[in-house]
Amino acid sequence: MSAALLVFSGGDTNTLVPLFAIGVFVGFTICQVGMVRHWHGERLKGWRAKAALNGLGALLTGVSAVVVTATKFTEGAWLIVLALPLLVLGFEKIRRAYEQIGERLELGRIPQAPHSSRSLVVVPVSGLSRLTCRALTAARSLGGEVLAVTVTHSAPEDRRAAEALRRDWELWKPGVELTEITSQSRSLGRPVSAYVRELARTHPDAQATVLIPETEPAHLWQRMLQNQRGSVVAHAVRRDTDDAPLTAI
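Residue numbering for the sequence shown is 156 to 404, as defined by the numbering used here.
Right, here's the structure in full:
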């Protein structure tokens, strides 16, 4: 915001000082109105006089803000008139976002006592590799039932790849059933998150966990060479379900 004002005004103090004055008067007005609400809510001894004093201050600073804005409107005050509502709306959306996160996490409330439940570990698979073996080993070490899933598409080349994976899976015999999920839009994250939601619906007494096989590159620049499938699936599961994805390296 400060950089935008400097660019807009060209660093001219004659333009910036009125904008600063508008901001000061608006800030004082908001502060005084807040104090009026505070005294009205507290209702302590002598609150009426204090509220009246703050109300008078809000009136004076509010009138000053209106006068300065009207007289300097064509000289750049219109920018403040435009920016302030946008800032207020932005801060309001941020506040609502934090409230939604707090409600989802039930912050400020004592949660239920931890309890043991049936465990379902979902492992997305795109092919056979040493990473697949390590992911399934980690999943089986968590206990419970392990479910390997692969996302396929109806395109001929995708069907051939899915059939090849099925043949290799049957030859490998990892002791885990492979489930195929069909995606109509070649999306990876949404089909997996939908599968997890269906598990939660059909197994309400179980806790589903998604274990995503990923490798950590040796150098930061090598991240650009990866296909980011794990990140896509993790983002979709975090967004669409209440289950926290785990990552197997």
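Idealized CB from N, CA, C, for every residue including glycine.
Report the residue ranges of all alpha helix (DSSP H) runs contained in full by the segment 190-260; include only those spanning at least 4 residues, in chain order.
202-226, 232-260
Considering only residues of the same chain and omitting the five flanking positions on each side of Trp-123, which have a CB-CB separation below 7 Å?
Beyond the ends of the chain as shown, which are 156 and 404, falls residue 123; an answer cannot be given.
State the Cα-Cα distance for the pair Val-223 and Gln-255, rounded to the nearest angstrom.
39 Å
Would you kindly work out how many angstroms separate the C-alpha atoms of Gly-178 and Arg-356, rounded to a whole number?
53 Å
Any chance the segment 236-251 sits against the segment 185-198, with 3 or more Cβ pairs inside 8 Å?
no
Taking 8 Å as the threshold (C-beta atoms), are Ala-363 and Leu-275 in contact?
yes
Reduced DSSP secondary structure (H/G/I, E/B, other) of Ile-404
Caution is warranted here: a pLDDT of 49 is assigned to Ile-404, below 50, making its placement in the model unreliable, and no coordinate value can be reported.
What is the rounded straight-line gap between the Cα of Ala-316 and the Cα of Leu-260?
40 Å
Identify the continuous beta strand (DSSP E) that holds Ala-349 and give its terminal residues.
No beta strand (DSSP E) holds Ala-349; the alpha helix (DSSP H) holding it covers 344-357.
Beta-carbon spacing of Pro-269, Val-306 below 8 Å
no
Please classify Glu-312: does DSSP put it in a helix, a strand, or coil?
helix
8 Å is my cut-off, CB to CB: does Ala-204 come that close to chain B?
Note that chain B does not occur in the displayed structure, where there is just one protein chain.
C-beta atoms of Pro-329 and Leu-291 nearer than 8 Å:
yes
Close Cβ partners of Val-181 (< 6 Å) along its chain, the five nearest in sequence each way excluded
Ala-220
To the nearest whole angstrom, what separates the beta carbons of Pro-279 and Ala-232, a pair I think is in contact under 8 Å?
Incorrect: roughly 56 Å between the Cβ atoms, too far for contact.
Going by beta carbon distance, what residues of the same chain come within less than 6 Å of His-308, once the five residues before and after it are set aside?
Ser-338, Arg-341
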